[in-house]
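Scroll down for the structure; my scribbles are underneath it.
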Ligand SMILES: Nc1ncnc2c1ncn2[C@@H]1O[C@H](COP(=O)(O)OP(=O)(O)OP(=O)(O)O)[C@@H](O)[C@H]1O
Ligand SMILES: [Mg+2]
C-alpha cells in the first residue's frame, strides 16, 4: 500500500450561501476556513469545539456529503471531490442523535439492511450484529422494534451500525450527544477497544465535551468559528499551560463580582467568574503563584468570602479559554443563531 | 483477543446493486405488513370513494361496466398514492431522518436504493390493490370479461414500470427540495384524479385532456386494462390497446433513463449546495 495519510486537508474551507427570499443579494456564511489537518492511519483524532464551530461541516466534507468551496481534502488517499466512490468504500459515519433506519424494523433488521448496502452477506452480517450487540449490551433488544428504543439504546444501535461494516476510517459526529453518564462511558470504552483491536483503524470524532477529547483521543484539534486554533496530543496542548498556576475558587459573595476588576491585577492571565446554583465560582489562571495574594485581597475587599480554594491541573477547557478568551459554554450562548 | 474479525467478503458491482435493492425493499416488503391496521385502512378507505361513484352510476343508470371501471380505478389509485407519497416525496423524509446521508455515503448506488423503494412499494401496494379489487368485485358484483390475459398482464407490468419509473425520476428531482416536495405532491394529487380518469373513461374528455394526462402512465394503463377486462371496454376505450402499449414502453424508457440522469445530476448539485442533509432551523 502506498504511503498516505488516512485523512488530509489543505486550506480546506466551506462557505454556505444563505438563501434570503425577499432580499436580492444572498448572504454568505463561512463555516470552515483554512483547515490543515494530517491524520495518520491508526489515530483516534478528536475535533473539539463549541456549537457552530464547523465540526459537522468538516465531517460532511470528509464523508463526501458536502463539497468544499476552498482547498483540498483526501480520505484514505482519495480526493473527496474527485473520487467519492473510492472514499465511500472505506468509510462509515455515525452522528449523535440520528434517527436513521425504520421504526417498523427491529434493531437486527435495521442493522442487516445497512450491511446490505455494503455488500456484506447476510450470514456474516448477522453474526457480526450478534457479537456487536452483545458487546454494547443490547443483545436482549435485538428483536425489538427500533421505534421502541430509548435515546441511549438507540444511539448504541447507531454506533453498532458504524462499526458493523469495519470501515478503514470511521467518522463519529458527537457520538455521546444526549446520552447519560453511563451510556456515554460505555460508548467511549467501546470506541477505545475497537481502536486498540486493529492498529490500522482510523477514527475521527467530534465533540464538545472536554473529557471526551482528553480521555479518549490520541490527538485533538481545537476548532472555533471554522478555524483550527491548536492541534496536538491532549498532554502537549495542556503542556502549553504548564508554567501557569490554575486555581478553582468557590466564593460566597453578596454581590456580583466583575471579572475586569480581577483581570487587571498583575500576574493574572485569565479569570472567569460564573454562578453555579447559589455559589460563585472563579476560574483563575495566573502567570505565577505569587499573584494569588493580590487576588485574595481583592476578593475580600469586594466583601466576598472564599469557601474553598483549589489548585488544579490544566484541562483542555483552560487551553480553550486561553486560545479564545471565553469558555466554550460562553461561546455557545453568545452566538445567536443566524436567522 | 480482538472482539470482531475483519469482514471476510464485500461484494461489489451487480451483486452489491442487487443486495442494496433487496435491503431497501425489505422495510416495505416486511416492515409495512406489520401494522395490520394500515392494510385495513389502505384497503377500506379507497372503497368509500369507489362506493360513492358506484352509487352515483347506479342512480343515473350508467352502463354496468362503469362500476367495474371504478373498482379498477380504486385499485390503481392505491398505486398512485404510493408513488406520490412513498416515492416522489420519500427522499424528503429520508433526508430528515438522516437516512439519505447514510445511503449516499454507502458503496451501494442510489439508483439501487430508489429501485428497492419502488419494488418494496409495489409489493406492499399490490397486497392492498388486490384487496380492493376482490372486495369491490364482491360488493358490487363486477363482471370481468378478459379479452387477452397476456396483454392484460403486459399492460399492467408496463404501467407499473413506467409509473414507478416516474416515481424514481420525481424522487431525484425532489432531492434538492425539502418541504416543497410535500406540497408539490399534495398539489399533484387531485388534478391527476381527474385527468387520468380513475373513476370514469377518459374517452368522455376532449382529446387534448387524455393527451396531456398520458404523461402519467396510469392514464394509458387504466384505459388499456379496462379495454382488456370488460365486455364493453373496447367501445369505451380512448385509443387502441396496441398504441397504448407502445406509449407505455416509451414512457418506461423515458422515466427510467430520466431517473438515472437526474439522480446523478441532482446528487452532485446537492453536494455542492449542501442540501443532502436535514434542513436546519
Ligand atoms: N446547510 C447550511 N446552510 C447554511 N449554513 C449552515 C449550513 N450548515 C451549517 N451552517 C452553519 O455553519 C456553521 C457551522 O456549522 P456546523 O454544523 O458545521 O457546526 P458544528 O461545529 O457541527 O456545531 P454543533 O455543535 O451545533 O453541531 C454554523 O454557523 C451553522 O449555522
Ligand atoms: Mg455538529
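Chains as they are written, first to last, in the working numbering: chain A, 1 to 339; chain B, 1001 to 1281.
C-beta atoms are modelled at their ideal positions from N, C-alpha and C, and glycine is treated no differently.
*Using DSSP with H/G/I as helix, E/B as strand and the rest coil, what is residue 33(A)?*
Taking the first chain and counting its residues from 1, the one referred to as residue 33(A) is at position 33. The answer is strand: DSSP assigns residue 33(A) an E or B state.
*Going by DSSP, what residues sit across from residue 270(A) in a beta bridge?*
One-based indexing of the first chain puts residue 270(A) at position 270. Answer is 285(A), bridged to residue 270(A).
_Those runs of the beta strand (DSSP E) which lie wholly inside the region 156 to 182 of chain A and span at least 3 residues_ = 169 to 173
*Unbroken beta strand (DSSP E) run spanning residue 250(A), endpoints*: On the first chain, position 250 is the one that residue 250(A) refers to. Looking at the DSSP string, the run of the beta strand (DSSP E) that includes residue 250(A) is 245 to 252.
*Taking DSSP as the reference, what is the three-state secondary structure of residue 28(A)?*
For the purposes of this step, residue 28(A) is taken as residue 28 along the first chain, with counting starting at 1. Residue state, collapsed to three classes: strand.
*Label residue 1234(B) either buried or exposed according to how many other C-beta atoms from any shown protein chain fall within 10 Å of its C-beta, with 16 as the threshold for buried.*
Position 234 of the second chain holds residue 1234(B). With fewer than 16 other Cβ atoms within 10 Å, it is exposed.
*Stretch pair the region 1261 to 1273 of chain B + the region 1171 to 1187 of chain B: three plus CB contacts closer than 8 Å*: yes
*Range covered by the beta strand (DSSP E) that runs through residue 74(A)*: Position 74 of the first chain, counting from 1, holds the residue named residue 74(A). Residues 70 to 75.
*Return no unless some Cβ of chain D is closer than 8 Å to the Cβ of residue 262(A).*
The chain labelled as chain D is not found among the protein chains of the depicted structure, namely A and B.
*Based on Cα-Cα distance, which residue from 1148(B), 1025(B) and 1042(B) lies nearest to residue 1135(B)?*
Residue numbering aside, residue 1135(B) sits at position 135 when the second chain is read from its first letter. The option with the nearest alpha carbon to residue 1135(B) is 1042(B).
*Taking the alpha-carbon positions, what's the residue 110(A) to residue 1032(B) distance?*
Indexing the first chain from 1 puts residue 110(A) at position 110. Indexing the second chain from 1 puts residue 1032(B) at position 32. Straight-line Cα distance between these residues: approximately 14 Å.
_Cβ closer than 8 Å: which chain A residues qualify as neighbours of residue 1260(B)?_
Here residue 1260(B) corresponds to residue number 260 of the second chain, with the count starting at 1. Neighbours of residue 1260(B) on chain A: none; closest Cβ ~16 Å, over 8 Å.
*Which whole-angstrom value is the C-beta distance of residue 93(A) and residue 171(A), which I expect to be below 8 Å?*
For the purposes of this step, residue 93(A) is identified with residue 93 of the first chain, where counting begins at 1. For the purposes of this step, residue 171(A) is identified with residue 171 of the first chain, where counting begins at 1. Rounded, the Cβ-Cβ distance is 4 Å, consistent with contact.
*So what does residue 45(A) bridge to, in DSSP terms?*
In the first chain, counting from the first residue as 1, residue 45(A) sits at position 45. Paired residue(s): 204(A) and 219(A).
*In the structure shown, what three-state DSSP assignment does residue 1227(B) receive?*
On the second chain, position 227 is the one that residue 1227(B) refers to. Note: residue 1227(B) maps to helix in three-state DSSP.
_Own chain residues within Cβ distance below 6 Å of residue 95(A), not counting five before or after_ = In the first chain, the residue the question calls residue 95(A) occupies position 95. These residues qualify, in order along the chain: 173.
*Flag this pair as yes or no: are the beta carbons of residue 223(A) and residue 48(A) separated by less than 8 Å?*
Translated into positions along the first chain, residue 223(A) becomes position 223. Translated into positions along the first chain, residue 48(A) becomes position 48. Contact: yes.
*Let me know if residue 1130(B) comes out buried or exposed under the rule of 16 or more other beta-carbons within 10 Å of its beta-carbon.*
Locating residue 1130(B) in the second chain gives position 130, where the first residue counts as 1. So residue 1130(B) counts as exposed.
_Reduced DSSP category for residue 5(A) - H, G, I as helix; E, B as strand; rest coil_ = Numbered from 1 along the first chain, position 5 holds the residue referred to as residue 5(A). Of the three classes helix, strand and coil, the one that applies to residue 5(A) here is coil, per DSSP.
*If we cut at 8 Å on Cβ distances, does residue 1118(B) have a partner in chain A?*
For the purposes of this step, residue 1118(B) is identified with residue 118 of the second chain, where counting begins at 1. Chain A contact via Cβ: absent.
*Is any heavy atom of ligand 3 found at a distance shorter than 7 Å from the C-beta of residue 53(A)?*
Only ligand 1 and ligand 2 can be found as ligands here, which leaves ligand 3 out of the picture.
*On the three-pair Cβ rule with 8 Å, is the region 1180 to 1191 of chain B touching the region 1083 to 1100 of chain B?*
yes
*Have a look at residue 1274(B) and residue 69(A) and give me their C-alpha separation to the nearest angstrom.*
Walking along the second chain from the start, residue 1274(B) turns up at place 274. Walking along the first chain from the start, residue 69(A) turns up at place 69. Their backbone Cα atoms lie some 11 Å apart in a straight line.
*Quick one: which chain B residues come within Cβ less than 8 Å of residue 91(A)?*
In the first chain, the residue the question calls residue 91(A) occupies position 91. Residues of chain B passing the Cβ test: 1105.
*Name the residue from 149(A), 7(A), 6(A) and 55(A) whose alpha carbon lies nearest to the alpha carbon of residue 208(A).*
By 1-based counting over the first chain, the position of residue 208(A) is 208. It is 55(A) whose Cα lies nearest to the Cα of residue 208(A).
_Proximal chain B residues relative to residue 113(A), where beta-carbon distance stays under 8 Å_ = If you number the first chain from 1, residue 113(A) lands on position 113. What residue 113(A) touches in chain B: 1023, 1024, 1026 and 1027.
*From 1113(B), 1230(B), 1012(B) and 1180(B), pick the residue whose C-alpha is nearest to that of residue 990(B); which is it?*
As displayed, chain B neither begins before 1001 nor continues past 1281, which places residue 990(B) out of reach and without an answer.
_Can you check which of these residues, 1249(B), 1237(B), 1183(B) and 1088(B), is closest to residue 1166(B) by C-alpha distance?_
Indexing the second chain from 1 puts residue 1166(B) at position 166. The residue with the shortest Cα to Cα distance from residue 1166(B) is 1088(B).
*Closest to residue 1260(B) by CA distance: which of 1199(B), 1202(B) and 1109(B) is it?*
For the purposes of this step, residue 1260(B) is taken as the residue at position 260 of the second chain. The option with the nearest alpha carbon to residue 1260(B) is 1109(B).
*Can you tell me the Cβ-Cβ gap for residue 1241(B) and residue 1228(B), rounded? I've got them flagged as a contact below 8 Å.*
Reading the second chain from its first residue, position 241 is the one you call residue 1241(B). Reading the second chain from its first residue, position 228 is the one you call residue 1228(B). Indeed they touch by this definition, with Cβ atoms about 6 Å apart.
*Return the CA-CA distance between residue 86(A) and residue 1121(B), expressed in angstroms with no decimal places.*
Here residue 86(A) refers to the residue found at position 86 when the first chain is read from its first residue. Here residue 1121(B) refers to the residue found at position 121 when the second chain is read from its first residue. The alpha-carbon atoms of residue 86(A) and residue 1121(B) are separated by roughly 31 Å.
*What does residue 230(A) pair with, by DSSP beta-bridge criteria?*
Walking along the first chain from the start, residue 230(A) turns up at place 230. Paired residue(s): 222(A).
*Would you mind listing the alpha helix (DSSP H) stretches within the region 1096 to 1157 of chain B that are 4+ residues and don't spill past its ends, in chain order?*
1099 to 1105 and 1110 to 1140
*asked:* Against chain A, does residue 1050(B) count as a neighbour if the rule is that its beta carbon must be under 8 Å from one of theirs?
replied: For the purposes of this step, residue 1050(B) is taken as the residue at position 50 of the second chain. Not closer than 8 Å to any Cβ of chain A, the Cβ of residue 1050(B) fails to qualify, so no.
*asked:* Check this for me: beta carbons of residue 1075(B) and residue 1039(B), under 8 Å apart or not?
replied: Working through the second chain from its first residue, we reach residue 1075(B) at position 75. Working through the second chain from its first residue, we reach residue 1039(B) at position 39. Result no, Cβ atoms of residue 1075(B) and residue 1039(B) do not sit closer than 8 Å.
*asked:* I'd like to know whether the C-beta of residue 116(A) is nearer than 8 Å to at least one C-beta of chain B.
replied: Numbered from its first residue, the first chain carries residue 116(A) at position 116. Yes, its Cβ sits closer than 8 Å to a Cβ of chain B.
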